[in-house]
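J.: The structure's right below; bear with me while I get my questions together.
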Amino acid sequence: MDDNVSAPPLRQPKQQYLGKNGFEVRFNDEPVTDNGLAHALNRHRAANHTLQTKGRPIPSLQKMQQMASVIATPSTIRERIKELQEEHLDELSELYDHHADDYEQDANRFYSSIDDDTQYDSYKRLEGFYEQHQHTLAKTSPLLNAYNEIRHIYLTRLLELQRDLKGAEEREATVMRAETAHFPRSSVEFRNATRPVQTRVARFLVADKPTQEKMLDEFGWAWRATEPLMAEFTKDATFAEHVRAALEYATTSADPRLKR
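Those letters in the sequence shown? Residues 1 to 260, per the UniProt record's numbering, in order.
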């Protein structure tokens, strides 16, 4: 080994990271001064409250897979919105109870810290300060910050769900329009169609000419597209009986009074 070969120079840290454990911001909290004691106490209370009330168990792998496999439909999204609203009301109710207790304790401590002004006239001004300050306890309470934070999180999530709901409704409407505009071309296709499609087409096949023309305009069907199935309905008595039975079943199912 060549003794004249020196080790490469060490990479020097940047000045802004010195004494900060490699981070741009301070690695530890700022020291609490006398003027910041109230703020530090509020933060401590908020942290304890969060640890005590907002803990959620981690779901199992099976539960997470089940949640991930749920298909987002308008009904499932509406159910999620309802759950979110109920969770938000419960969270606000718990928040109000928590801060009401804090407010009562602060008010009692503040009241007890004032001497009897009937014995000391010099405390008249202090009594006036108390009367003025007791109305500001609610305004200076950390409740406002906590409330605004909860409302912001809730409204952000609610807007996301509402956008998801709108998109799901639009997709569902597109599928329904495409399904409605399709007219079966054979008896096999008719039998494989969904029950609403069978009922709609059966109404068309047994209707008179004016009603059929009205349904053509309503559902966007072309007359030529209906001719093959109409011809089969006219020639095939078995298929015609099946169509009438499907229509009768749909009618009696919709109105229980027609059941026998």
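Yeah, the Cβ is synthetic: ideal placement off N, Cα and C, and Gly gets one too.
Computed from a predicted structure; not experimentally measured.
For the alpha helix (DSSP H) containing A178, name the first residue and the last one.
T.: The residue labelled residue 178 in the question sits at position 178 within the sequence shown. First-last of the alpha helix (DSSP H) with A178: L143 to A181.
J.: For R191, collect the residues of the same chain with a Cβ closer than 7 Å to its Cβ; drop the 5 residues on either side in sequence, then sort them by chain order.
T.: The residue labelled residue 191 in the question sits at position 191 within the sequence shown. None.
J.: Taking H98 and H49 to be in contact with their CB atoms under 8 Å, please state how far apart those CB atoms are, rounded to whole angstroms.
T.: In the sequence shown, the residue the question calls residue 98 occupies position 98. In the sequence shown, the residue the question calls residue 49 occupies position 49. The Cβ separation is near 6 Å, so the contact holds.
J.: Could you compute how far the alpha carbon of R203 sits from the alpha carbon of E170?
T.: Against the sequence shown, residue 203 aligns to sequence position 203. Against the sequence shown, residue 170 aligns to sequence position 170. Straight-line Cα distance between these residues: approximately 27 Å.
J.: At the level of alpha carbons, what is the spacing between K259 and T252?
T.: Position 259 of the sequence shown, counted from the first residue, corresponds to residue 259. Position 252 of the sequence shown, counted from the first residue, corresponds to residue 252. Note that K259 scores a pLDDT of 41, beneath 50, so its modelled location is shaky; the value from the coordinates is reported in the next line. Roughly 5 Å between the two C-alpha positions.
J.: In whole angstroms, what is the alpha-carbon distance linking M215 and W221?
T.: On the sequence shown, position 215 is the one that residue 215 refers to. On the sequence shown, position 221 is the one that residue 221 refers to. Their Cα atoms are separated by approximately 8 Å.
J.: Hey, is the segment 64-77 in contact with the segment 90-105, meaning 3+ C-beta pairs nearer than 8 Å?
T.: Contact fails: fewer than three Cβ-Cβ distances are below 8 Å.
J.: Do the segment 203-213 and the segment 240-248 meet, that is, are 3 or more Cβ pairs less than 8 Å apart?
T.: With the cut-off at 8 Å, the segment 203-213 and the segment 240-248 touch.
J.: Would R224 and L161 qualify as a contact pair, given that the criterion is a beta-carbon distance under 9 Å?
T.: Mapped onto the sequence shown, residue 224 falls at position 224. Mapped onto the sequence shown, residue 161 falls at position 161. Cβ distance not < 9 Å, so R224 and L161 don't count as in contact.
J.: If distances are taken between C-alpha atoms only, which option among H182, A250 and Q85 comes closest to L229?
T.: Translated into positions along the sequence shown, residue 229 becomes position 229. Closest by alpha carbon: H182.
J.: If contacts are defined as beta-carbon pairs under 8 Å, then Y147 and H88 qualify, I think. What distance do you get, rounded to the angstrom?
T.: Position 147 of the sequence shown, counting from 1, holds the residue named residue 147. Position 88 of the sequence shown, counting from 1, holds the residue named residue 88. Actually they do not touch by this definition, with Cβ atoms about 11 Å apart.
J.: Would you mind giving the Cβ-Cβ distance between L144 and P74, rounded to the nearest angstrom? I have them listed as a contact below 8 Å.
T.: Within the sequence shown, the letter at position 144 stands for residue 144. Within the sequence shown, the letter at position 74 stands for residue 74. Not confirmed; about 36 Å, so no contact.
J.: When the Cα atoms are used, what is the spatial distance from N42 to Y96?
T.: Along the sequence shown, one-based indexing puts residue 42 at 42. Along the sequence shown, one-based indexing puts residue 96 at 96. The alpha-carbon atoms of N42 and Y96 are separated by roughly 15 Å.
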